[in-house]
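Colleague: In the working numbering, the protein residues as written are 74 to 484.
All C-beta atoms, glycine included, are put in the ideal place defined by N, C-alpha and C.
Quantities reported herein were computed from a predicted structural model and do not represent experimental measurements.
This is the structure I want to talk about, given as structure tokens.
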Amino acid sequence: MVCEQADVFASACALARAFPLFTHRSSASRRTEKKTVTVEFFLVGQDNGPVEVSTLQCLANATEGVRLAARIVDTPCSEMNTDTFLEEINKVGKELGIVPTIIRDEELKARGFGGIYGVGKAALHPPALAVLSHTPDGATQTIAWVGKGIVYDTGGLSIKGKTTMPGMKRDCGGAAAVLGAFRAAIMQGFKDNLHAVFCLAENSVGPNATRPDDIHLLYSGKTVEINNTDAEGRLVLADGVSYACKDLGADIILDVATLTGAQGIATGKYHAAVLTNSAEWEAACVKAGRKCGDLVHPLVYCPELHFSEFTSAVADMKNSVADRDNSPSSCAGLFIASHLGFDWPGVWVHLDIAAPVHAGERATGFGVALLLALFGRASEDPLLNLVSPLGCEVDVQEGDMGRDSKRRKLV
């Protein structure tokens with residue numbers, strides 16, 4: 074690979090996507106020896122000396138994270154159910170010396186996680202909320218990455234059609250990205266408190282499935298009237314971000330999800346969509362995407378005009394919009410934000426990766442590189458610092474200057 078120093082990280086992550094791990098081809102199962110691909114980097118331009126050993130270690134961890142996420146997303150639900158996903162989380166936890174917190178099945182219901190429980194209660198393998206927590210000495214802020222982990226999405230009783238259901242094994246792409254990025258971030262010396270929150274469920278069909286018209290009480294304390302069981306990702310993420318706020322005390326909450334088919338229309342196949350309560354973080358996401366190759370483009374953030382789409386006569390809100398022509402990807406993200414509260418003083422970032430999570434029939438591991446780059450300045454690693462946003466020039470209204478510098482600092 075011939076590139077400049079500034080492009081090493083993005084180039085390595087791009088190469089990782091070209092060599093996926095998952096296959097069930099019979100020729101592969103008969104092969105006894107493992108194939109090895111050797112990658113050499115030749116740096117050109119300025120700083121074109123030999124690649125440092127520390128840089129190679131960072132690239133190895135980042136690419137392993139990308140391939141881990143892609144493998145999980147490529148694996149069908151017959152193998153990658155909620156039980157198996159928890160095994161993947163436990164495996165990473167053991168590697169890092171972290172014991173995950175797991176809330177599962179009826180305990181979810183008892184503790185008020187009506188979103189995760191309601192979505193996953195009809196499946197053979199029960200739903201779960203799992204958390205990996207890194208709390209180093211000297212941390213100055215608390216960050217939570219919340220991943221949507223719908224291991225399969227039939228649509229529930231609002232069932233998908235025969236042409237739209239294939240590929241729904243990829244609906245865990247957000248949680249897979251969080252797992253791959255968390256592993257790499259901790260291995261590269263993350264300096265702040267970092268919590269990886271996994272909202273795991275299979276949106277299945279059965280006698281115990283949620284019905285349209287049911288009303289769920291979510292962890293935020295808000296009630297939701299279900300008018301579309303295929304709008305399930307926002308329900309599990311609402312519980313996840315509420316937990317990150319109430320129980321983990323996060324200052325910065327970022328959720329990542331394959332949330333809406335409309336994302337691919339709004340920002341296309343290659344750019345994830347970002348929705349956030351901070352102009353500074355919106356700009357940072359775009360900048361980080363250009364640095365790492367996981368491209369990002371903003372959605373409209375306007376709760377005063379869009380959140381009325383969820384009005385319910387009998388509950389605090391419905392879970393799906395009244396008008397699907399009114400910026401549905403933005404609205405879906407606002408549903409999640411509403412369970413923090415639009416006046417919540419911290420930073421909230423929502424990444425919708427529905428389209429770029431795959432290229433054709435293969436997963437891309439999208440999101441791993443983006444999270445590592447976006448939060449690179451919270452790392453001890455020089456390469457991650459190089460690709461991170463080093464501050465973004467944005468217009469801040471005079472009255473917001475003190476507030477933003479106090480509560481919305483870039484790591």
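1. List the residues that DSSP assigns as beta-bridge partners of SER206.
2. Between the C-alpha atoms of ALA85 and GLY341, what's the straight-line distance to the nearest angstrom?
3. According to DSSP, is ARG435 part of a helix, a strand, or is it coil?
4. Please classify ASP210: is it buried, with 16 or more other beta-carbons within 10 angstroms of its beta-carbon, or exposed?
5. Where does ARG144 sit, in a helix, a strand or coil, going by DSSP?
6. To the nearest angstrom, report how far apart ASP80 and LYS364 are at their CA atoms.
7. To the nearest whole angstrom, what separates the beta carbons of ALA330 and ILE426, a pair I think is in contact under 8 Å?
8. How long is the line joining the alpha carbons of PHE158 and PRO199, rounded to whole angstroms?
9. Which whole-angstrom value describes the C-beta separation of CYS272 and VAL309, a residue pair presumed to lie in contact below a C-beta threshold of 8 Å?
10. Which partner residues of CYS76 appear in the DSSP bridge assignment?
11. Would you grab the beta carbon distance between LEU116 and VAL110 for me? Rounded to a whole angstrom, and I think it's under 8 Å.
12. What would DSSP say about LYS342, mapped onto helix, strand or coil?
13. Less than 7 Å between C-beta atoms, sequence neighbours within five positions excluded: which residues of the same chain meet that for GLY253?
14. Are there 16 or more other CB atoms within 10 angstroms of the CB of LYS242, so buried, or fewer, so exposed?
15. Going by Cα to Cα distance, which pick from CYS318, GLY191, LEU445 is closest to ASP367?
16. For the beta strand (DSSP E) that contains HIS423, what are its first and last residues?
17. So, helix, strand or coil for PRO401, using DSSP?
18. Decide yes or no for the touch test of the stretch 299-318 against the stretch 186-194: beta carbon pairs closer than 8 Å, at least 3 of them.
19. Do GLY220 and GLY193 have their C-beta atoms within less than 8 Å of each other?
20. Within 10 angstroms of its Cβ, does ALA89 collect 16 or more other Cβ (buried), or is it exposed?
21. For PRO371, write down the residues that DSSP places opposite it in a beta bridge.
22. Within 10 angstroms of the Cβ of CYS318, are there 16 or more other Cβ atoms? Answer buried if so, exposed if not.
23. Just curious, the beta strand (DSSP E) that GLU298 is in, first and last residue?
24. How many Å lie between PRO93 and ASN134 at the Cα?
25. Where do the N-terminal and C-terminal ends of the beta strand (DSSP E) with TRP218 fall, by residue?
26. Just to check my reading of the structure: THR155 and ALA250 have Cβ atoms closer than 8 Å, yes? What is that Cβ distance to the nearest angstrom?
27. Starting from MET390, follow its DSSP beta bridges and name the residues at the other end.
28. Where do the ends of the beta strand (DSSP E) carrying THR174 lie?
29. From the DSSP output, in three-state form, read off PHE92 for me.
30. Return the residue from the list VAL369, PHE95, THR227 that minimises the CA-CA distance to THR302.
31. Does the ligand FMN have even one heavy atom less than 7 Å from the beta-carbon of VAL139?
32. Looking only at its own chain, which residues have a Cβ that is under 6 Å from the Cβ of TYR374, when we skip the five neighbours before and after it?
33. Could you check the C-alpha separation between GLY118 and GLU77 for me, to the nearest Å?
34. Rounded to the nearest angstrom, what separates THR136 and THR213 at their Cα positions?
35. Pairing CB atoms from the stretch 286-297 with CB atoms from the stretch 406-414, are three or more of them under 8 Å?
36. Should ASP416 be flagged as near chain D, meaning a C-beta pair shorter than 8 Å?
Modeller: The answer reads as follows:
1. HIS268
2. 23 Å
3. strand
4. exposed
5. helix
6. 7 Å
7. 7 Å
8. 12 Å
9. 4 Å
10. LEU116
11. With 8 Å as the limit, LEU116 and VAL110 do not qualify as a contact, their Cβ atoms being about 20 Å apart.
12. coil
13. GLY138, VAL139, LEU141, ALA142, GLY438, VAL441
14. buried
15. LEU445
16. 420-425
17. helix
18. yes
19. no
20. buried
21. VAL347
22. buried
23. 296-298
24. 15 Å
25. 215-226
26. At roughly 17 Å, the Cβ-Cβ gap does not stay under 8 Å, so THR155 and ALA250 are not in contact.
27. VAL297
28. 174-177
29. coil
30. THR227
31. Inclusion of the ligand FMN in the displayed structure is not the case, the ligand content being empty and no account of it being possible.
32. LEU348
33. 6 Å
34. 28 Å
35. yes
36. Reference to chain D is not applicable here, since this structure consists of a single protein chain.
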